[in-house]
Structures are given as C-alpha cells and as structure tokens.
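Engineer: One structure follows; several queries about it will come next.
Protein chains in written order, with the working numbering: chain P, 3 to 113; chain W, 178 to 291.
Here's what the structure looks like:
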C-alpha cells in the first residue's frame, strides 16, 4: 500500500525554466511533509519541508505547495540549474517520526 | 556537528552468505536510528527503526535483522542473503525537536548479491 506516490518517475526541464515535481498521498493523518534530494551513490539530503497548517513554504529557489483537500504537494524549483539534476523524494509522517517516502522522481536539467 | 558513517561503501556477496552493515553517528545523543533500502526502480523502503539501545522495530518481514548495541551504533544483519536483498542501504538518524524532525542520511552501502 503506497501511501505516498510520485507518479512521474522522471522529468526533464530546460535550464532556467521551472521544475515542478508532484507528490500525492492517501493518509489524511499525515501532518508534515518533506522533500529530499538524492545524488547517485549518496544518501538523500533534506531540502525543504512544510507543516499541514501551511499551504506554502519557500526557501530560495525552492517552494513547496500543499493542497490538503487534494492530498497533493508539489516542489517548484525556479530557475532550474544543472546541479538540480538528481532524484527527488517526497516524504510524509505524523506523530511518530517514521517517514513514509515516495518512489522518487528523477529530474534532469538540460543545459 | 553531527556526522553519520556507514561501511562498507560497496559490497558484493554470494547468495546464502551472511551480512553485516554498520552505521555510527557522532555528535548527538540518543538519536532515533533507521535502516532504509532503495532497490532498483523503487523508492526508499523503511526496514528498521530504533528509538533506543536494544529497541528495534521492524517494518517489513524479511530475512534481515537489526541491532543497536550502543546508543549511536546501528547494525543491519542477515544470516543468509537472497538475490532480492541487492540494493542501496541507507542509515539515517533524527532527533525530534520543535517539529524539525528531518532525517539525516549516511552515504549508503551498495550491496550486490550474486
């Protein structure tokens, strides 16, 4: 039972344009959402998070949007840079700190 | 500052052989510790987590086991590896505080079972 889904396994975006990565969840108990970035052969690194009491959180080029009614969150990267090429995982949890991760989306930035 | 170590970085093992992967954390006390597996074409699957010494919770039934002999040491083991155990194994730690309960991952171990 995949409670956190990233339906696009891959995404290619031109450098300088906006990258939009999507994530859907099914468990309405989730109250905290995170995005991680992962390069090959490395561990994921935390990127940005959002609490369910908010609908938007911004950090530099990265913005996460949360639509609780649709159980959907998205990560916007603007402008996209070559160093953004990586696999992006969304994750969610409630209460007990165990994170449920999505399957990941491989983002490729085209120079 | 906190750091997390995993070793070995890569490992090639025959089917049926034992496994021991080690993870240690420095610079923090009483962390929550996690073992994840990323298999080809799949997301991050939580295998085990621990909130303290000797306290292990298993998320997925399988031929793997975990132990936490010391506060900042987490070990993933198997008595007999299967082909399906191949993947990228990640250790992570977290400390709950002010809602900033992000997890910090180690560099990972690439396991290939032949």
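In this text, a Cβ means the ideal position worked out from N, Cα and C, and glycines have one as well.
Compute the distance between the beta-carbons of residue 91 (chain P) and residue 221 (chain W), then report whether it is under 9 Å.
Structural biologist: Taking 9 Å as the Cβ cut-off, residue 91 (chain P) and residue 221 (chain W) qualify as a contacting pair.
Engineer: Out of P:94, P:15 and P:100, state which residue places its alpha-carbon closest to the alpha-carbon of residue 271 (chain W).
Structural biologist: Closest by alpha carbon: P:100.
Engineer: Does the segment 207-219 of chain W come close enough to the segment 248-267 of chain W to have 3 or more Cβ pairs within less than 8 Å?
Structural biologist: With the cut-off at 8 Å, the segment 207-219 of chain W and the segment 248-267 of chain W touch.
Engineer: Strictly by DSSP, which residues pair up with residue 229 (chain W)?
Structural biologist: According to DSSP, residue 229 (chain W) bridges with W:232.
Engineer: Checking contacts by CB at 9 Å: is residue 17 (chain P) closer than that to chain W?
Structural biologist: No, residue 17 (chain P) does not count as interfacial toward chain W.
Engineer: In this structure, how does DSSP classify residue 84 (chain P) when only helix, strand and coil are distinguished?
Structural biologist: Note: residue 84 (chain P) maps to helix in three-state DSSP.
Engineer: To test your reading of the DSSP string, which unbroken alpha helix (DSSP H) runs of 4 or more residues are found completely within the segment 48-113 of chain P?
Structural biologist: You should have found no qualifying run.
Engineer: Please report whether the beta-carbon of residue 28 (chain P) lies at a distance below 9 Å from any beta-carbon of chain W.
Structural biologist: No, residue 28 (chain P) does not count as interfacial toward chain W.
Engineer: Based on the DSSP output, what are the partners of residue 26 (chain P) in its beta bridges?
Structural biologist: Partner(s): P:7 and P:74.
Engineer: Is residue 100 (chain P) close to chain W, meaning its C-beta is less than 9 Å from at least one C-beta of that chain?
Structural biologist: Yes, residue 100 (chain P) counts as interfacial toward chain W.
Engineer: Along chain P, in chain order, which residues have C-beta atoms closer than 9 Å to that of residue 282 (chain W)?
Structural biologist: Neighbours of residue 282 (chain W) on chain P, chain order: 38, 40, 44, 45, 46, 47 and 48.
Engineer: Give the interface partners of residue 104 (chain P) over in chain W, defined as CB-CB distance under 9 Å, in chain order.
Structural biologist: 220 and 221, listed in chain order.
Engineer: Could you list which residues in chain W have their beta carbon closer than 8 Å to that of residue 35 (chain P), in chain order?
Structural biologist: Within 8 Å Cβ-Cβ: nothing; residue 35 (chain P) doesn't reach chain W, min ~11 Å.
Engineer: Can you round the beta-carbon distance between residue 28 (chain P) and residue 58 (chain P) to whole angstroms, since I take them to be within the 8 Å contact cut?
Structural biologist: About 22 Å; that fails the 8 Å criterion.
Engineer: Excluding the five sequence neighbours on either side, which residues of its own chain have a C-beta within less than 8 Å of the C-beta of residue 245 (chain W), listed in chain order?
Structural biologist: The answer, listed in chain order, is 210, 227, 229, 230, 231, 232, 233, 251 and 252.
Engineer: Please state the DSSP three-state secondary structure of residue 275 (chain W).
Structural biologist: Unreliable positioning characterises residue 275 (chain W) in this predicted model, as indicated by a pLDDT of 47, which lies under 50. A coordinate reading is not provided.
Engineer: With distance defined between alpha-carbon atoms, name the residue in P:102, P:18, P:7 and P:12 nearest to residue 237 (chain W).
Structural biologist: Cα-wise, what sits closest to residue 237 (chain W) is P:102.
Engineer: Whole angstroms is fine: what's the gap from residue 60 (chain P)'s alpha carbon to residue 249 (chain W)'s?
Structural biologist: Their backbone Cα atoms lie some 33 Å apart in a straight line.
Engineer: At which residues does the beta strand (DSSP E) containing residue 290 (chain W) begin and terminate?
Structural biologist: 286-290 is the span of the beta strand (DSSP E), which, as asked, contains residue 290 (chain W).
Engineer: Just checking: is the beta-carbon of residue 204 (chain W) within a distance shorter than 9 Å of some beta-carbon in chain P?
Structural biologist: It does not; no Cβ of chain P falls within 9 Å.
Engineer: Put residue 259 (chain W) into one of helix, strand or coil per three-state DSSP.
Structural biologist: Coil, per DSSP.
Engineer: So with CB distances below 7 Å, who are the chain A contacts of residue 32 (chain P)?
Structural biologist: Among the protein chains in the structure shown, which are P and W, there is no chain A.
Engineer: What residues from the segment 65-97 of chain P come within 7 Å of chain W, judged by C-beta to C-beta, listed N to C?
Structural biologist: Hits within the stretch, in order: 91.
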